[in-house]
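Residue numbers (the working numbering): 21 to 142.
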């Protein structure tokens with residue numbers, strides 16, 4: 021059954037003892053190898069040297085921001101191997117995926133995904 025446009029739930033039963041792990045691992049490998057997709061591979065944050073830093077005016081630390089970026093669902097136009105996206109925001113409040121600026125080759129599938137929260141002292 022479909023949970024959402026990006027998630028589905030599949031139930032297979034009954035299975036012999038231990039066969040679920042065998043079947044599950046094989047199915048996972050097949051699905052992951054045949055699914056097209058893209059992910060954030062590099063992040064550059066002005067004034068940040070490494071992932072264990074903090075950024076003034078941002079509630080989350082850099083490592084948490086990077087983990088939140090990992091949850092970003094992005095669709096890239098066919099034929100594109102690499103794209104660059106930019107995020108600039110000021111003022112206090114949440115920073116969401118919909119705040120990302122990009123060209124027509126990119127679509128943010130989950131624009132409500134929270135990346136971090138800006139505080140008043142940014």
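The C-beta atom is built at its ideal place from N, Cα and C for all residues, glycine as well. Quick caveat, the model's predicted, so the values are computed rather than measured.
Where residue 113 is concerned, the enclosing beta strand (DSSP E) starts and stops at 113 to 116. A Cβ-Cβ contact shorter than 7 Å links residue 100 with residue 125. Boundaries of the beta strand (DSSP E) around residue 137: 134 to 138. If you compare the alpha carbons of 121, 59 and 111 with that of residue 87, the shortest gap goes to 59. In the three-state DSSP reduction, residue 42 falls in the helix class (H, G or I). The beta-carbon distance between residue 115 and residue 137, rounded to whole angstroms, is 7 Å. This is short enough to meet the 8 Å contact definition.
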